[in-house]
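Quick note: the UniProt record's numbering has the sequence shown finishing at residue 485, numbered continuously throughout.
From the three backbone atoms N, C-alpha and C, an ideal C-beta is built for every residue, glycine too.
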Amino acid sequence: PGTTTLTYDSPFPADFVFGVAAASAQIEGAAFVDGKGESVWDRFARIPGKVHNGDTLDVACDHYHRFDEDFALMASLGIKTYRLSIAWPRIYPNGDGALNPKGLDFYRRLFASMKKHGITPWVTLFHWDLPQALEDRGGWTSRVTVDAFAQYADTVVKAFAQDVKHWITLNEILCFTLLGYGTGSKAPGRVESAKTVNQTYHHALLCHGHGVRAVRQHGGPGAIVGLTDNCSVAVPVTEKPADIAAAKAWFTDRNAQILGAMQAGKYPESFLKRVGADAPDVKPGDFDLISLPTDFLGLNIYSGTFVRAGKAGPEALTHPVNYPRADSTWLRLVPQSIYWSTRFCHEVYGHQALYITENGCGYDDEPVVNGEVTDLHRRDYVRSHLREAHRAIAAGVPLKGYFLWSFIDNYEWEDGYQRRFGIVHCDFKTQVRTPKLSARYYADIIKERRIL
Ligand code: PNW
Numbered sequence: 034p035g036t037t038t039l040t041y042d043s044p045f046p047a048d049f050v051f052g053v054a055a056a057s058a059q060i061e062g063a064a065f066v067d068g069k070g071e072s073v074w075d076r077f078a079r080i081p082g083k084v085h086n087g088d089t090l091d092v093a094c095d096h097y098h099r100f101d102e103d104f105a106l107m108a109s110l111g112i113k114t115y116r117l118s119i120a121w122p123r124i125y126p127n128g129d130g131a132l133n134p135k136g137l138d139f140y141r142r143l144f145a146s147m148k149k150h151g152i153t154p155w156v157t158l159f160h161w162d163l164p165q166a167l168e169d170r171g172g173w174t175s176r177v178t179v180d181a182f183a184q185y186a187d188t189v190v191k192a193f194a195q196d197v198k199h200w201i202t203l204n205e206i207l208c209f210t211l212l213g214y215g216t217g218s219k220a221p222g223r224v225e226s227a228k229t230v231n232q233t234y235h236h237a238l239l240c241h242g243h244g245v246r247a248v249r250q251h252g253g254p255g256a257i258v259g260l261t262d263n264c265s266v267a268v269p270v271t272e273k274p275a276d277i278a279a280a281k282a283w284f285t286d287r288n289a290q291i292l293g294a295m296q297a298g299k300y301p302e303s304f305l306k307r308v309g310a311d312a313p314d315v316k317p318g319d320f321d322l323i324s325l326p327t328d329f330l331g332l333n334i335y336s337g338t339f340v341r342a343g344k345a346g347p348e349a350l351t352h353p354v355n356y357p358r359a360d361s362t363w364l365r366l367v368p369q370s371i372y373w374s375t376r377f378c379h380e381v382y383g384h385q386a387l388y389i390t391e392n393g394c395g396y397d398d399e400p401v402v403n404g405e406v407t408d409l410h411r412r413d414y415v416r417s418h419l420r421e422a423h424r425a426i427a428a429g430v431p432l433k434g435y436f437l438w439s440f441i442d443n444y445e446w447e448d449g450y451q452r453r454f455g456i457v458h459c460d461f462k463t464q465v466r467t468p469k470l471s472a473r474y475y476a477d478i479i480k481e482r483r484i485l
């Protein structure tokens, strides 16, 4: 990348988007209200031992009934962009077939409230809450899910073409495929063969393609669309050319199955060689959908892997036990991940617009004391990661925005309500919201558009 005249203390570019993010299943609650169907997470949460404390999604932040006050709070903090997701089982309780008009009504009211509060929606079509009825027909292992998603995407994009101009097809394919069907740590909790897991990836990529197609066909003027991926992030151990080259090679290899395939319009040779007989079955025309051009790439970046040039090629290092982390064990504190992930995406795949669609940190113990949560750890996390975003922009990387995960403490999947990611504290007994120190800090940054 080239360089611009941006320096560390200068403002972010005028069109840089500062937002916050959340997902339907994690905040809405009302899991069985107004005709919503059961999701795979509603089912998974009830299997003993799967979710911390046996926490369910039934109530969560009760955002379903409190969105208007939540948007008022958001607006009072100066937050003007909000990434949310739509719950597929609210729209089609059985995945396909009969439409639930009350589901559409809910999001109509929600978008009207956002408009009233001056907040622009970025909408993810699928953030893991697959209708259980589809899982009963094979879930992500089956093309039935692809056909159902195509119909769901058409319906939603048509219904909200006036309200929504920024669409994200899917959130983090890896998490609902490999972790849902390979390791079984996420819903539906299945442990299948490598071949089957690769097939779930392929079906997810097809759904992404259908999402793009739906936005092109029904999104109306000015609508843009992209995927949100949690790519593997490589951070060179030193910034000497050999380590940078090693990190880039590791990055390219590790992201071949999703980002590489989308760009190449086929599965890259390196990927096919690695998986051998476990390669997914591909039908003619599949890659016409998968490689449809998008308008941006969203990246969820929380952490990264250090890579160096070794004697036999790139070497990825395991973090030593004492390496700093958040309370989530996978969340090692590596702020340079923002710089290197966006730079490599731009260099390797040529993305011309990148957004950090999630970045944040989770901790278990964040009590309200005298009306305040002094989460200096989160304030520092946000600051150090935004510095790396700034550095990327200064280096000519087309990074256009940043969404902090998350607006409010919520259902952190298998970690239940224990693990808090919000800049707003949620008391899950009383539903009282308390903005944390980090919320005030982020509000100041948004106001001044520079790192404080
Ligand atoms: C993302 N990992 O998940 C999701 O998009 C959010 O719904 C979630 O709440 C948030 O990050 C915090 O976890 C991830 O193991 C889960 O590397 C796990 C990983 C990454 C992202």
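Just the C-alpha distance for residue i and residue j, rounded to the nearest angstrom, thanks.
| i | j | result |
| --- | --- | --- |
| tyrosine 214 | lysine 198 | 33 Å |
| aspartate 321 | alanine 183 | 15 Å |
| lysine 316 | threonine 174 | 15 Å |
| histidine 423 | glutamine 385 | 17 Å |
| serine 72 | asparagine 392 | 25 Å |
| proline 326 | lysine 462 | 45 Å |
| valine 465 | leucine 117 | 21 Å |
| lysine 148 | aspartate 477 | 22 Å |
| tyrosine 185 | alanine 256 | 18 Å |
| serine 146 | tyrosine 115 | 12 Å |
| aspartate 180 | leucine 387 | 29 Å |
| aspartate 262 | leucine 110 | 28 Å |
| tyrosine 300 | proline 134 | 39 Å |
| proline 34 | alanine 278 | Model confidence at proline 34 stands at a pLDDT of 48, short of 50, so the residue's coordinates are unreliable; what they give is reported in the following sentence. C-alpha separation (whole angstroms): 15 Å. |
| proline 81 | aspartate 67 | 27 Å |
| glycine 429 | serine 43 | 15 Å |
| valine 84 | tryptophan 363 | 17 Å |
| alanine 166 | alanine 194 | 27 Å |
| tryptophan 74 | arginine 170 | 16 Å |
| arginine 176 | asparagine 86 | 34 Å |
| alanine 192 | alanine 297 | 32 Å |
| leucine 106 | isoleucine 389 | 23 Å |
| aspartate 328 | serine 265 | 21 Å |
| valine 308 | methionine 295 | 18 Å |
| residue 533 | alanine 310 | What is shown of the chain runs 34 to 485, which leaves residue 533 out entirely. |
Please return the same chain residues whose Cβ sits closer than 7 Å to the Cβ of residue i, not counting the five positions on each side in sequence.
| i | result |
| --- | --- |
| serine 471 | Asp408, Arg411, Arg412, Val415 and Ile456 |
| alanine 425 | Ile371, Tyr372, Thr375, Arg376 and Leu432 |
| residue 540 | Lying before the first or after the last residue shown, residue 540 is absent from the chain, which here runs from 34 to 485. |
| leucine 211 | Val230 |
| valine 367 | Val268, Ser336 and Gly337 |
| histidine 379 | Pro34, Leu387, Val430 and Pro431 |
Among residues of its own chain, excluding the 5 on either side of residue i, which ones have a beta-carbon nearer than 6 Å to its beta-carbon?
| i | result |
| --- | --- |
| phenylalanine 284 | Ala267 and Phe377 |
| arginine 365 | Ser336, His352, Tyr356 and Arg358 |
| alanine 289 | Pro301, Ser303 and Phe304 |
| histidine 235 | Pro313 |
| glycine 244 | Leu158, Ala186 and Thr202 |
| tyrosine 474 | Arg412 |
On a CA-only basis, which of the options is nearest residue i? Give me that one, please.
| i | options | result |
| --- | --- | --- |
| tryptophan 161 | Gln451, Glu445, Ile484 and Glu481 | Glu445 |
| glutamate 348 | Ser361, Ala166 and Ala275 | Ala275 |
| alanine 335 | Gly298, Gly395 and Arg307 | First, the amino acid is wrong: residue 335 is tyrosine here, not alanine. That would be Gly395, whose Cα lies nearest to the Cα of tyrosine 335. |
| arginine 99 | Gly318, Ala63, Glu421 and Arg307 | Ala63 |
| leucine 260 | Arg358, Ile323, Gly130 and Ala427 | Ile323 |
| phenylalanine 144 | Asp103, Asp75, Cys264 and Gly217 | Asp103 |
| histidine 251 | Val190, Arg79 and Val354 | Val190 |
| glutamate 272 | Phe339, Trp74 and Gly82 | Phe339 |
| leucine 239 | Asp75, Pro126, Leu203 and Cys94 | Leu203 |
| cysteine 459 | Ser303, Leu350, His96 and Lys83 | His96 |
| valine 381 | Phe51, Asp286 and Arg246 | Asp286 |
| tyrosine 450 | Phe193, Tyr475 and Ser361 | Ser361 |
| glutamine 59 | Cys94, Asp48 and Val53 | Cys94 |
If you check the beta carbons only, do residue i and residue j fall under 9 Å apart?
| i | j | result |
| --- | --- | --- |
| alanine 312 | lysine 228 | yes |
| proline 221 | phenylalanine 77 | yes |
| alanine 205 | asparagine 333 | The residue asked about is misnamed: residue 205 is glutamate in this sequence, not alanine. Against a cut-off of 9 Å, the Cβ pair of asparagine 333 and glutamate 205 comes out as a contact. |
| glycine 346 | alanine 282 | yes |
| isoleucine 484 | arginine 420 | yes |
| proline 154 | lysine 69 | no |
| isoleucine 201 | glycine 331 | yes |
| residue 486 | glycine 128 | Only positions 34 to 485 of the chain appear in this structure, which leaves residue 486 out of reach. |
| glycine 172 | leucine 163 | yes |
| aspartate 187 | glycine 242 | no |
| phenylalanine 436 | valine 156 | no |
| aspartate 101 | arginine 141 | no |
| glutamate 399 | lysine 219 | no |
In chain order, what residues of the same chain have a beta carbon less than 8 Å from the beta carbon of residue i, not counting five sequence neighbours either side?
| i | result |
| --- | --- |
| threonine 216 | Val224 |
| phenylalanine 454 | Gly393, Cys394, Gly395, Trp438, Ser439, Asp442, Asn443 and Glu445 |
ask   = Taking the runs of the alpha helix (DSSP H) that are 4 residues or longer, which of them lie wholly in the segment 281-338?
value = DSSP runs (the alpha helix (DSSP H)) wholly in the segment 281-338: 294-297, 302-308 and 319-323.
query = If you scan the segment 232-274 from start to end, which runs of the beta strand (DSSP E) of 3 or more residues do you find wholly inside it?
reply = DSSP runs (the beta strand (DSSP E)) wholly in the segment 232-274: 257-262 and 267-269.
ask   = Can you give, in chain order, each stretch of the alpha helix (DSSP H) that sits fully within the segment 118-164 and has at least 4 residues?
value = Residue ranges of uninterrupted alpha helix (DSSP H) with 4 or more members, entirely inside the segment 118-164 and ordered along the chain, are 121-124 and 134-149.
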